[in-house]
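Chains as they are written, first to last, in the numbering used here: chain A, 1 to 120; chain B, 1001 to 1613; chain C, 2001 to 2243; chain D, 3001 to 3496.
All C-beta atoms in this analysis are idealised placements derived from N, C-alpha and C, irrespective of residue type, glycine included.
Below is one structure; the comments refer to it alone.
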Amino acid sequence: MQEFLTYGIYGTAFFLMLLGLYAALVKKNLVKIVIGLSVLDSGLHLLFVAVGYISNGTAPIFSPAVVGKNVVMVDPVPQALVLTAIVIGFGVTAVALALVVRLYRKHNTTNIDEIKNLKW
Amino acid sequence: MNSLVLLLLIIAGGALLSYFGHRINQLLGNITVFIVALIIPIYWFTQVDFTETVSLTISGFHLEWGYNMYGKLFSMIVMILSPLALIYAIGYMKDQKKLATFYFSFLFSILGMTGILMSRDFVSLFIFWEIMTWSSYLLVIFFGKDVEKTGIKYMVFSALGAYAMLMAIVIINNNTGSMMLADYFTAFGGFSLQTKLLTGILLMFGFALKSAVMPLHVWAPGAYSNTPMAYTSVFSGALSKMGIYGLGFVVVNLFAHANMSIVGDVLAWLGAITAVLATFSAIFQDDAKKLLAYSSIAQLGYIVTGIGIGTELSVMAGLYLAILHAAFKGVLFMAVGAVERQAGSTDMTVVSGLVRKMPFTFFASLIAIIALAGIPPLGGFVAKWMLYESLITNGNFLMVIMIFLSSTAAFLYCYKFLFGLFLGQQEPEFDHVKEASPLMVVPMILLSLFLMVTGAYPGIVLKYIAAGMTNLGFHDVSWQMSVLTNTWGDSVNFQHIFLAVVVVFVAFLIFLTWRGYKHSTKVSTKDISVSGEMIKPEDNMTYSKDFYKPFERVLQPILKWKINKYYDEFGKGLEALFDFMRRIYTGNGQTYAVYVITFLVILLVFSKSIFGY
Amino acid sequence: MKKVIIIGFLGVIAYYLLSAFASVPFGADLIKGVKDFYLDKSPNDLKVANVVTSIVVNFRGFDTLGEVTVLFLASTALGSILYRRRSHDSGLNPQRTAPEASALVQTGAKVIFPFTIMLGAYIFIHGHLTPGGGFQGGAIIATGFLLMLVSYRKFFIEHNALTWIEAIAGSTFVILGLLGLVYANNHNFLENFLPAGKLNDLLSGGIIGIIYVAVGFKVGAEITGILDTLLTVKETGLDPEEN
Amino acid sequence: MVISDPVYFIALPLLTAFLLPLFGKIYKPLIGIIPGLVFAFIAYISFDLYLNLVPGKPIVIQLAGWAPPWGINLVFSEFSGFVVTLITFLAFLVWVYSYNFKKVGFDNSKKYFTLLMLLVAGSIGVVLTGDIFNMFVFLEITAISSYGLTAFYKGRDSAEAAFKFLLIGSLSSTFILLAILLLYKQVGTLNMAEIAVKAQSIDPKMKSIIAILFMIGLGIEAEMFPMNGWVPDAYSQAPGPVAASFAGMLAKSGIYALVRVFYTVLEVDGIFDLLLIMGILTIIFAEFSAMRQTRLRRMLAYSSIGQMGLIMVAFSFNTKAGIFAGLFLMFNHAIIKSLLFLASGFLTYSTKQKKIRDLDGFGKIMPFTSLMFGLGAFAIVGLPPFSGFWGKLNMLVATADSNLYFVIALILLVAVVEVVYYFKVIGRLYFRQQHKEVEVHKPTWNAIAAMSVLAIVIIGVGIYPDLITDYLTKATNELFDKASYIHNVLPNLSLN
């Protein structure tokens, strides 16, 4: 069970990451590349949360129901980190989309192969 | 204040003052330059205390400045030739643009040379070397022609030489823990053979490059002829001697005394080959500047040969030739500059018969040519004599033949130079030409007087050379004021020869003039008989054209072999390679991302060999 | 071909990274690290029930300041990237050419909008007690505005107001931090200087709640601004500076 | 301690950035003036703090009232303080230069100064922070503001450059995050000092994977070879002063992070050999590409990469001499490249193509700017008596001390290439006839002031390098002495 969860959940996260990476590396459409980066980020965030999980842990919130009781809580640090990472990912995606808009306006295409005025 | 520091400050201050003087107006600038040109040698000869040293620690490096007799010897070249050239420049560069930059760079290169000769450690040697290099670079491309070709070539070769030196310096520092020249010399014996060769050859590479030794000479013809002539006289006369200075202490101090004379021999051979090939090239130049440039290379070849052999006599010959070369090449470049300025061209197929128009220039050139060709009464003869003698005693007969061949061939270009520019018939288009201004003539005359005096009394110079050679490990070098003795016991007194030759020459001159006036008929240069061929107006029928045509035909196979071409091909190959390499930046963002991933994969796969796990 | 190579590369990466992560079995509590300290101090010292919140806003508050900055940065960068001389002065308002949504959508949006805003506000106000916080709440508020933007062609957001909200909320965060330098016990930046209160009280946790409210406002305003910029700017005419 | 607190380096620019729109509403010119005041102030406090730093006693600031392993801390040490002082100094000069560089209108200059301020704050944050995740956050701030600034001008290919930058930058952040995650799961802490203590116990295989991920992530920021495709584009498309700040801040914080991680946080055998190889490849490819550039700014950008490669090589020796040389090169690169970019900003002000051959004879018509460019070129190729020379000399001495003669030869051969392309430009500037009808834009007084200050620093350090060598030595000692860093950050920790 442990083995399965390890590979299953990590594997899902990695699958997402690699999927995103694949899109970012292979797809020619700028928007798809941005989506790929987004998916890559999501996979990474999932990985973060997964790594922070502790078996049979509850959410790290001392609500009145758990105060005083001896409960296992999951590691709160990755959750805090992932919050930051999500926001940063959001910011990057927004900027990327804005750049795509600019590029489309200038080149009238979203094919990354046709956008290489700057080279060598 | 320490006189050495003050000397450097005077030169640097002079550079700045001349710069700002010329920014304000030309007259003020010229006066400043003139005063600076006088102050520098006067200060050096009267005020500099040669026993003083300066030592300072900068950035963890110990720097030390101080003269030794060897450096002083070379400093004399710099301190006599450069001020004269500066004064000459005032006349030569009159009404040119960007004079501020010119004099600034000029004085900074003097600063560089002065500094090199007083450096006792490699760091300051290198610093001054680089200052000298970049200031001379600015002058090489001063007129803006051939910036790309000549200028870049000069800079590339200079950089190669300087960086070779730098590499040697840091390796020395690694091995001795010190940057002092003296420490290197003492520690040299204890190095492994590999380190000995590596450091020594790298240093030699740097120095040999500045003295235009054979495979490294390709920058010189262009650089010498492109530079304003006022500076070329210093460039060829003094700056190239910095290379000789360095070669002197590397070859003689290290290899000759460490039983590794093979290195010196190789250098000597290179010098001899340089001398022969450069002489041949000089013969077929139509541009007087180029001719002198090649001749400079050839002369430097002799000097290098002398130094390379590394015996007492040969080194003495080399050093003596170095000093003479500074004087006569100084005169010749100045003379060509004067012709250029007055007649508007230095092409020997165009300019001719200026002897009547520019008698003083002609006189100075004549003296210099005599010295250069090694014709008896003047110093060149003495120097070459000593060189032959040292080569013969050393058993290098083949080298003697080569040097002799090149000296003889040198007569051809000497004659061509004099004849092409000054003798022969004067074209009407040069009727307006006048003698150059006194500012230009006086330095030439002074230098040629110096040549005459050293012809009669070589001892004046030999005294300093002998003193300088003590720093190369030759103690008690014998010399005589004006008597040349050889190892076989013959001796010749130079004063007598000098006087005899002068008397005969003057008498002959009077005779010729007298006869010449009686029997000459005036014809135009265009009055040439041709057998049935039509001469078109654009055909250049001047007698200086194809001066040595038959000879050229004989030497064709040798001359075709141009090392320059190989360098050019190599450069082109490199550019193509660079162009190929930069294709890696394809411009496609995705490709860059793929590079990142590829790099990651490579690292992951090879992590075991990189990190051991 | 390229695809195959890249898939191969990705496979290699997956293999190595998975094998690295496999040594960190899922759900295992392997480490004795800072988390235990946080789990201890958050309810006892700070009186903040939501440990994630206390980490985000207090223990690692500096990160959050950076996070807020990133958002601010994104909206500024977006503005600068998509900026063009819009004719504000000539009275012409920017236009969206997207078709008007159906009446059903419009009405629905109108109904949902206030509740969305309220939900968002609730989430960031209770950030230190329940799951969620300033970022989540702000994002929810922004979705409310997005709904309106999509539904109504003529729904315009007052950029001036957004600017004010952003500026005040952002500077509140920094100033609260700077006040910590003066008033708090250790004179640290971002240190709590207000009474901690009682665990699971709305008014607990000192400055944490206040900061989260500021963050909520800021995030809401910024994401709304970003969405508005992306949606609106596209349809104006071509800028003379371009091409 | 209230006035000179390292936290102001980050808090003040952020506060000002948030409030800048409001200032603009009060009085429009304030948006240009206020950033300048902030930059001047942080430059002042950085000098104040740095000059009064007690050797061996870095200023460690804890944030939010929690001592280091639990809270985030800032470390203003001899090394980080040196870099921060450099950054704030350059930031101020860049502000002076760009105060009225191009008239871009109110709204745009508001955004420009906001982004610039955040770039500065981000770079300082990367350098000061003692927390690895916090470093990531600041790296992202730096990166996003750089994307914005790169794409600042319209009508150029700036968006393209920014997109490439962003694409590579996102990969960088992904790998850094992965590395941080793995590291956290191994040691349970994010504090760099504590990681450094606990890193010894990490499984070496795991450690090597973490090191690889950091190498990729931070290598992108530090312009390492196969991952620096974005650099020439970004540098050449960004506004002139921004390119200067990229060279002076972005690249500096990148290399700082790389060095800090591999020297202090994570000790991995073999990483320095890798760094050496990658540094050499970086130099070779960059300088060779620079040689064949036809556009001035692109040439400078490639040259910048080459310099970064040189810095990597210097740091890869893992000796005191190497670090010293690396720091000297960092200083030189920041100062000289900034000068070159600032000068090139005016040289290529009006020409659309930004080609080198358009610059023929500019020495005559733009004497000051050309002089500054020439000075910068002389300095960067390492000619004495300018500061570049001492950096190079120290670098080579360090190389020789590590017995890497082959590397010396390589560096010097590549330096010849560098000489060629810089002197080609100088030859064109000064010794060519100018084209007809060139549009000339004279530098404004503030640009002249900014460039003059940089030139004075270059010449001053060139003539008397001991102005900075003392500080460099101290910084070297700080970086080399990992134990005292750990001790200063975690005074209560017993080292075992």
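Taking D/L3014 as the reference, which of C/G2138, C/Q2136 and C/I2175 has the closest Cα? C/I2175
Span separating the alpha-carbon of B/G1473 from that of B/I1110: 28 Å
By DSSP, does B/S1055 sit in helix, in strand, or in coil? strand
Return the CA-CA distance between B/T1274 and B/L1319, expressed in angstroms with no decimal places. 18 Å
For the segment 1054–1108 of chain B, list the alpha helix (DSSP H) runs that are entirely contained and at least 4 residues long, ordered along the chain. 1069–1092
Spatial distance of D/R3432 from B/I1090 (CA atoms): 24 Å
Could you work out which residue in A/G8, A/G43 and A/T84 is closest to C/G2132 when comparing CA atoms only? A/T84
Closer than 7 Å by beta-carbon distance: list the chain B residues that pair up with C/Y2016, in chain order. L1604
Is D/L3300 near D/A3314, with beta carbons less than 7 Å apart? no
Please go through the segment 1460–1515 of chain B and give each complete beta strand (DSSP E) segment of 3 or more residues, from N-terminal end onward. 1483–1485 and 1491–1493
Given a cut-off of 7 Å, decide if C/L2071 and C/E2222 are closer than it, judged by their beta-carbon atoms. yes
I need the straight-line Cα distance from A/G57 to D/L3490, nearest angstrom please. 31 Å
Below-7 Å beta-carbon distance, C/E2222 vs any chain D residue: no
At a Cβ threshold of 7 Å, is C/Y2038 touching chain A? yes
Distance CB(B/G1459)-CB(B/S1352) smaller than 7 Å: no
Could you confirm whether any beta carbon from chain B is found closer than 7 Å to the beta carbon of C/F2009? yes
What does a CB cutoff of less than 7 Å around B/L1007 pick up in its chain, not counting 5 residues either side in sequence? Y1043, W1044, V1048 and T1114
What did DSSP end up calling D/T3129 once you bin it into helix, strand or coil? strand
Mind checking which residues open and close the beta strand (DSSP E) that includes D/L3074? N3073 to F3076
Per DSSP, D/R3295 forms a beta bridge with which residues? D/K3355
In the DSSP assignment, what residue or residues form a beta bridge with A/N29? A/N111
Do you know offhand how far C/H2088's Cα is from C/F2156's? With a pLDDT of only 46 at C/H2088, under 50, the local geometry of the prediction cannot be trusted, and no value is derived from it.
Give the secondary structure of D/I3061 by DSSP, where H, G and I count as helix, E and B as strand, and everything else as coil. strand
In angstroms with no decimal places, state the Cα-to-Cα distance between B/L1038 and B/V1251. 35 Å
Quick check on DSSP: helix, strand or coil for D/V3054? strand
From D/P3058 to B/L1203, what distance separates their C-alpha atoms? 45 Å
Between C/S2080 and chain D, is the shortest Cβ-Cβ distance under 7 Å, so that the two count as touching? yes
What are the partner residues of A/I61, as DSSP defines its beta bridges? C/N2050
The alpha helix (DSSP H) that contains B/K1562, what's its start and end? Run containing B/K1562: none; DSSP gives neither H nor E here.
Listed by chain order, chain B residues near A/L103 by CB distance under 9 Å: Here the premise fails: no neighbours, minimum Cβ distance about 10 Å.
Taking all protein chains shown into account, do 16 or more other C-beta atoms lie within 10 angstroms of the C-beta of B/F1570, making it buried, or fewer, making it exposed? exposed
Quick one: does D/W3070 have its CB under 7 Å from some CB of chain C? yes
Should C/D2228 be labelled buried (16 or more other beta-carbon atoms within 10 Å of its own) or exposed? buried
Below 8 Å, can you find three or more Cβ-Cβ pairs linking the segment 3381–3400 of chain D to the segment 3331–3351 of chain D? yes
On the CB-based measure, 16 or more other CB atoms within 10 Å of its CB, does B/T1408 come out buried or exposed? exposed
Report yes if the CB atom of A/L44 is closer than 7 Å to the CB atom of D/L3177, and no otherwise. yes
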